[in-house]
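Peer 1: Take a look at the following structure, please.
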Amino acid sequence: MHRLGFALIVSSLALGVAHAQPKGDPAAGKRIAERWCAGCHIVSPQQRTGSADVLTFEAIAEKSGGDRDSLASFLTDPHPVMADIGLTRREVGDLVAYIDSLR
Numbered sequence: 001m002h003r004l005g006f007a008l009i010v011s012s013l014a015l016g017v018a019h020a021q022p023k024g025d026p027a028a029g030k031r032i033a034e035r036w037c038a039g040c041h042i043v044s045p046q047q048r049t050g051s052a053d054v055l056t057f058e059a060i061a062e063k064s065g066g067d068r069d070s071l072a073s074f075l076t077d078p079h080p081v082m083a084d085i086g087l088t089r090r091e092v093g094d095l096v097a098y099i100d101s102l103r
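According to UniProt numbering, the stretch in the sequence shown is residues 1 to 103, in order.
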């Protein structure tokens with residue numbers, strides 16, 4: 001499952017669907033992650049519980065290698081298992097900034 005998530009991130013970039021995102025606010029991104037993502041993902045080093053079947057945000061940050069456009073694309077067109085919570089461009093930028101800050 002971990003490889004599948006990363007493969008989807010990479011395939012989104014390969015398809016050319018990445019969109020330039022605003023720089024973003026990591027603190028706002030952390031709040032979004034804690035509200036919408038923490039039910040499945042471990043979104044911060046302080047969080048202790050999450051689904052064993054999904055990557056932690058730290059792992060996503062490392063696997064992305066800092067490719068913010070690929071992360072943004074993945075978040076705007078989530079895979080079927082991930083809920084589409086309808087993030088705005090600004091929220092996506094904030095979430096990407098937060099994930100990138102975990103590298």
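Glycine residues also receive a C-beta, built at the ideal position from the N, C-alpha and C atoms.
Answer with yes or no whether the minimum CB distance from Trp-36 to chain D is below 8 Å.
Peer 2: Among the chains in the structure shown there is no chain D, since it carries only a single protein chain.
Peer 1: From the DSSP output, in three-state form, read off Arg-48 for me.
Peer 2: Correct three-state label for Arg-48: coil.
Peer 1: Go ahead and pull the three-state DSSP assignment for Pro-26.
Peer 2: Residue state, collapsed to three classes: helix.
Peer 1: By DSSP, does Gln-75 sit in helix, in strand, or in coil?
Peer 2: Reading off the sequence shown, one finds Leu at residue 75, where the question assumed Gln. Reduced to three states, the DSSP call for Leu-75 is helix.
Peer 1: From the DSSP output, in three-state form, read off Ala-33 for me.
Peer 2: The answer is helix: DSSP assigns Ala-33 an H, G or I state.
Peer 1: Can you give me the C-alpha to C-alpha distance between Ser-44 and Ile-85, rounded to a whole angstrom?
Peer 2: Whole-angstrom Cα-Cα distance: 20 Å.
Peer 1: In angstroms with no decimal places, state the Cα-to-Cα distance between Ala-27 and Tyr-98.
Peer 2: One C-alpha to the other measures close to 7 Å.
Peer 1: Buried or exposed: where does Gly-24 fall if 16 or more other Cβ atoms within 10 Å of its Cβ makes it buried?
Peer 2: Gly-24 comes out buried.
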